[in-house]
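Protein chains in written order, with my numbering: chain Z, 1245 to 1559; chain P, 1245 to 1559. For glycine and all other residues, C-beta sits at the position ideal for the given N, C-alpha and C. These numbers were taken from a predicted model, which means no experiment stands behind them.
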C-alpha cells in the first residue's frame, strides 16, 4: 500500500505539533509550537503556515494535504471550529480555509479525540474493526467512536464525551451540573487527590510518600505490591469500568481502545478493568469484546489528522 | 408517495400481532395470537404462516413482503435469531427463511425495539432526523438507535440496552451484576415497589391507596396535585434523566423518543425529565435536543417491522 505524503497537526492546549507523515509513519522531525506563545488565532495560524512551509521544503515528495486536529467541536461539513477547550478566541472560526488559502493545499479539520481514534482504527490497536470505542485518559477524559467502520461525530459534532457520563446520579458535581461525571473520578488530578486521601486514611504521610509523586510512581508502587496503591487502581477500574460497561450495553462494540497517560498503568489498571467489565456485562456483550491499550502513543493525533486529510483526497 | 403492501408481525412475550400495512397505515384488523398457546417455535411458525395467508386473502393488492419484529438479538445479515427474551426454544433459529419457504415471499427480521425506533423515525415523532435515541419504558427498559440516518445494531446485533446502563456504581444489582442498572429503578414493577414504600414512609396505607392501583392512577394522582405521587415521578425523571444525559454526551443526538406504558405519564414525567436534562447537559448538547413522546403507540412494532420489509425490497 502506498500512501500520499501529508502533514498532520495536533493542536493542543500546551503545544501544537506538526509533522510529515506517510500512512502510519512519521517522516523527519516534529515541529513543536508553544500554544501559550501565540496570542491570537491569527498568530497561531501564521505560525502553523510557517511550520507547514518548513515541512514542505524538507519533504522529498510533494505534500498533498494538511490535517488539523483540535481540542473542541469541529463542524467538518462547513470547516468551522465551534469552540476550543482551554484555548480562548477560537469560536466559529474557519481555520482550515484560512490556512488552505495561504498554502494552496486542501486542509481538513477534526476533533483531536476523533483523530486519535481514527489513527488507532486505521493503523493501530483497532485496525479494521467495525465498531470501536476510543477513550483517552488524561487531565480530562475524552472519547471518540468508530461505528459501522466510520467516525461517528453526532449532530453538533460533539459526540464522544465519555468523561461527562455519570457513574452516580448522586455523585460529585461535574462541570455542567452532571452529578457523578466520570472525569471527576478518573481525571489525573482526581486520581492524585484520591490517592493522597487514601494514603492519609491508611496512616501514611502523603508528603513523605514518594509513591504519590506521579501516576508513574503510583503504578510502580502497585506493581511492587503496595496494597493501598493497588486498591486505588482497583477503584479507578470500577469507576471507569462502570461507564465503559454502560457504553458497551448501548453500542455493543468490537473493542475498547484506551490511550492517554493513565493507560500506561498497564496490567495494574487493565486487569481489574477487564474483571469489572466481565463481572457486569452479559456474555453476549463480553464474549467478543476486546479491551486493548492504544498503540500509537503520543503521535496518534498527528497520524490521525494526517490520515483524515489523506483519505479526504480520494473521497 | 405510494408504499407497497406488506405484512408486519410484532412478536411479543404475551401476544403475536400480525397486520397488513401500507406505509404508516394499518389496513384491516390485527390478528392476535397468544404466545403461551404456542408450545414450540415450529407451532408458532405454523400459526404465523396461517395468519399471513389469512391477511393475504383479505388484501386488495398483492402482499410483497413480511417483516417480523422479535424481543431479542437478531442477526439480520444471516437471518438468524440469537435468542428471545422470555420465550424459550428460540435459539439460533432461521425463522425468517422457515416462514419465507412456506409463503414464497421475502421475510425480514429485526429486534422489536429496532422496529419501534424505525417506525418512529420513518413515520412518527422523529421523522427524518439524523440521530435518534429511542427508549421504551415498560416491564423492562429497551432502546434502539438511529445513527447517521440508519438503524445502528452493534457488532452482535445487541446494541441499545439502555436499561442495563448504570446510574450508580454502588446501586442495586442488575441482572448481570451491573450495579445501578436503570431498569431496576424505572421498570414498571420497580416503580410500583418504590411507590408503595414512599406511601408507607408518608404514613399512608398502601392497601388503602387507590393511587397505587396502576401507573395510570399514579399519574392521575400526581396530576391532581398529590405531592407524594409527584415526588415519585420526579425521582423517576432523575433516574431516567441521568442515563439519558449520559447517552446524549456519548452520541449527541437530535432527539430522544420515549415510548411504552410509562411514557403515557405525559407532562408529569416529561416536565421534570426535561428539567433534569437541561440541568445536567452543556448547552452544546441541550440546545438542539428534542425530547418527545412516541407517536405511533401500540402499533409501532407492526408498522416498523413492515416498513423494514418494504424498504428491503428496494435495497
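Asked: Taking the straight line between their C-alpha atoms, what separation do you get for residue 1554 (chain Z) and residue 1515 (chain P)?; Found: 47 Å
Asked: Using a C-beta to C-beta distance shorter than 8 Å, which residues of chain Z count as neighbours of residue 1403 (chain P)?; Found: 1494, 1495, 1496
Asked: Using three-state DSSP, classify residue 1394 (chain P) as helix, strand or coil.; Found: strand
Asked: Kindly list the residues whose CB is nearer than 6 Å to the CB of residue 1535 (chain P), restricted to its own chain and excluding five residues on each side of it in sequence; keep chain order.; Found: 1500, 1518
Asked: Give the single residue among Z:1305, Z:1310, Z:1306 whose Cα lies nearest to the Cα of residue 1292 (chain Z).; Found: Z:1310
Asked: Quick check on DSSP: helix, strand or coil for residue 1373 (chain P)?; Found: coil
Asked: If we require 4 or more residues per run, which alpha helix (DSSP H) segments fall completely within the region 1416 to 1473 of chain Z?; Found: 1427 to 1430, 1432 to 1445, 1459 to 1467
Asked: Tell me, to the nearest whole angstrom, how far the beta carbon of residue 1369 (chain P) is from that of residue 1395 (chain P); I am working on the premise that it is less than 8 Å.; Found: Actually they do not touch by this definition, with Cβ atoms about 16 Å apart.
Asked: If we cut at 7 Å on Cβ distances, does residue 1412 (chain P) have a partner in chain Z?; Found: yes
Asked: Inspect the beta-carbon positions of residue 1282 (chain Z) and residue 1251 (chain Z) and report whether they are closer than 7 Å.; Found: no
Asked: Rounded to whole angstroms, what is the Cα-Cα separation between residue 1248 (chain Z) and residue 1337 (chain Z)?; Found: 28 Å
Asked: When DSSP builds the beta bridges, which residues end up paired with residue 1269 (chain Z)?; Found: Z:1266
Asked: Check each candidate in Z:1559, Z:1557, Z:1430, Z:1350 and name the one with the smallest Cα separation from residue 1380 (chain Z).; Found: Z:1430
Asked: Which one of Z:1461, Z:1391, Z:1321 has the shortest CA to CA distance from residue 1492 (chain Z)?; Found: Z:1391
Asked: Between the Cα of residue 1551 (chain P) and the Cα atoms of P:1264, P:1316, P:1258, P:1259, which residue gives the shortest distance?; Found: P:1264
Asked: In the DSSP assignment, the beta strand (DSSP E) including residue 1255 (chain Z) goes from what residue to what residue?; Found: 1249 to 1255
Asked: Since residue 1525 (chain P) meets chain Z, which of its residues come closer than 9 Å, beta carbon to beta carbon?; Found: 1408, 1420, 1421, 1422
Asked: Verify whether the separation of the beta carbon atoms of residue 1297 (chain Z) and residue 1272 (chain Z) is less than 7 Å.; Found: no
Asked: Checking contacts by CB at 7 Å: is residue 1452 (chain Z) closer than that to chain P?; Found: no
Asked: Whole angstroms are fine: how far does the CA of residue 1423 (chain Z) sit from the CA of residue 1353 (chain Z)?; Found: 32 Å
Asked: Could you tell me whether any Cβ in chain Z is nearer than 7 Å to the Cβ of residue 1313 (chain P)?; Found: no
Asked: Quick one: is residue 1439 (chain P) buried, meaning 16 or more other Cβ sit within 10 Å of its Cβ, or exposed?; Found: buried
Asked: Given that a residue counts as buried once 16 or more other Cβ atoms are within 10 Å of its Cβ, and exposed if not, what is residue 1416 (chain Z)?; Found: exposed
Asked: For residue 1501 (chain Z), which beta-bridge partners are listed by DSSP?; Found: Z:1378, Z:1536
Asked: Could you compute how far the alpha carbon of residue 1315 (chain P) sits from the alpha carbon of residue 1487 (chain Z)?; Found: 25 Å
Asked: Helix, strand or coil for residue 1494 (chain Z) per DSSP?; Found: helix
Asked: Would DSSP call residue 1330 (chain Z) helix, strand or coil?; Found: coil
Asked: Since residue 1330 (chain P) contacts residue 1317 (chain P) with CB under 8 Å, what's their CB separation in whole angstroms?; Found: Actually they are not in contact, since the Cβ atoms of residue 1330 (chain P) and residue 1317 (chain P) sit about 14 Å apart, beyond 8 Å.
Asked: Contact criterion: CB-CB distance below 7 Å. Does residue 1441 (chain P) meet it with respect to chain Z?; Found: no
Asked: Determine the contact status of residue 1497 (chain P) and residue 1385 (chain P), defining contact as a CB-CB distance below 7 Å.; Found: no
Asked: Quick one: give me the first and last residue of the beta strand (DSSP E) that residue 1409 (chain P) is part of.; Found: Where residue 1409 (chain P) is concerned, there is no enclosing beta strand (DSSP E), given that its DSSP letter is neither H nor E.
Asked: Could you name the residues of chain P that residue 1391 (chain Z) contacts, counting a contact when the two beta carbons are closer than 7 Å?; Found: 1391, 1396
Asked: Going by DSSP in three states, residue 1366 (chain Z) sits in which element: helix, strand or coil?; Found: helix
Asked: Residues in the same chain with beta-carbon distance under 7 Å from residue 1450 (chain P), minus the five sequence neighbours each way, listed in chain order, please.; Found: 1440, 1443, 1444, 1456
Asked: Closer than 7 Å by beta-carbon distance: list the chain Z residues that pair up with residue 1528 (chain P), in chain order.; Found: 1317, 1400, 1402
Asked: Under the three-state reduction of DSSP, which class applies to residue 1531 (chain P): helix, strand or coil?; Found: coil
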